[in-house]
Structures are given as C-alpha cells and as structure tokens.
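Asks: With UniProt numbering, the residue at position 63 of the sequence shown is 63, and numbering never jumps.
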Amino acid sequence: METLDKIKKQIAENPILIYMKGSPKLPACGFSARAVEALINCQVPFGYVDILQHADVRAELPKYANWPTFPQLWVEGELIGGCDILLEMYQAGELQTLLKEVAERHK
1 METLDKIKKQ IAENPILIYM KGSPKLPACG FSARAVEALI NCQVPFGYVD
51 ILQHADVRAE LPKYANWPTF PQLWVEGELI GGCDILLEMY QAGELQTLLK
101 EVAERHK
C-alpha cells in the first residue's frame with residue numbers, strides 16, 4: 001500500500017487519531033506527552049500512530065497535512081493541529097466538548 005493511501009486509511013478509520021512520537025503509555029517526546037495527556041483526560045477512545053515506528057508516515061504526513069511537526073491530532077478526517085493548539089483547546093474546554101461529541105457519534 002502506498003504511504004499516502006495508508007495515511008488516508010488511518011485517518012478514515014479513526015474518528016480521533018493522534019500521530020505522535022511513541023505511544024500513549026510511553027511517549028517519546030515532551031510535546032507528544034503533553035498532547036496525549038490532554039487526550040487521555042478527555043476520557044474518550046482515540047487511535048494513535050507512532051511515527052518513530054513508521055518512517056514512511058513520518059516523512060509523508062507533514063506534506064499531506066501541510067503541517068510540519070508532530071504530534072498531529074486528526075478528528076473526523078480534519079487536522080486539528082499540534083501540541084500548542086491542542087493544549088489551548090483543552091484549557092478552554094473546547095477539546096473536551098469536541099471529542100465527546102465525536103465519540104458519541106462513533107459509538
């Protein structure tokens with residue numbers, strides 16, 4: 001499968017998906033750790049892709065997303081943003097509302 005097709009499939013199959021360094025249980029950078037902590041605190045199921053284990057995705061996703069850094073949060077096929085945006089939304093209460101609505105729709 002082409003890398004771009006793989007990325008599109010991952011995004012389509014996961015209503016809430018974070019591309020990160022490491023895993024939710026063992027993040028491999030501070031930005032991924034803070035981002036995934038906010039997601040966990042929202043108490044909704046989410047998928048993740050460890051870009052350190054998938055060099056092809058790590059190389060291609062920034063071009064596809066037009067977003068150069070990781071982590072990247074995707075919700076219902078749309079790029080929400082990286083760590084800073086995710087944390088701003090979390091602190092404002094917007095992330096919790098958005099993710100709970102999305103989780104409800106995809107039960």
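Using N, Cα and C, we set each Cβ at its ideal position, and we do this for glycine too.
Smallest Cα separation from Q53: which of P27, Y90, A35 and K8?
Replies: Nearest C-alpha to Q53: P27.
Asks: Given that a residue counts as buried once 16 or more other Cβ atoms are within 10 Å of its Cβ, and exposed if not, what is residue 117?
Replies: Missing from the structure shown is residue 117; the chain here goes from 1 to 107 and no further.
Asks: Bridge partners of L73, per DSSP?
Replies: Paired residue(s): I18 and G81.
Asks: What residue range is occupied by the uninterrupted alpha helix (DSSP H) comprising residue 136?
Replies: The requested residue 136 is not part of the displayed model; the chain covers only 1 to 107.
Asks: Report the CB separation of W67 from L79 in whole angstroms; it is logged as a contact under 8 Å.
Replies: Correct: roughly 6 Å between the Cβ atoms.
Asks: Checking 8 Å against the spacing of the C-beta atoms, do V57 and I11 come in under that value?
Replies: The answer is no: Cβ separation not under 8 Å.
Asks: Closest to K9 by CA distance: which of V49, H106 and Y90 is it?
Replies: Closest by alpha carbon: V49.
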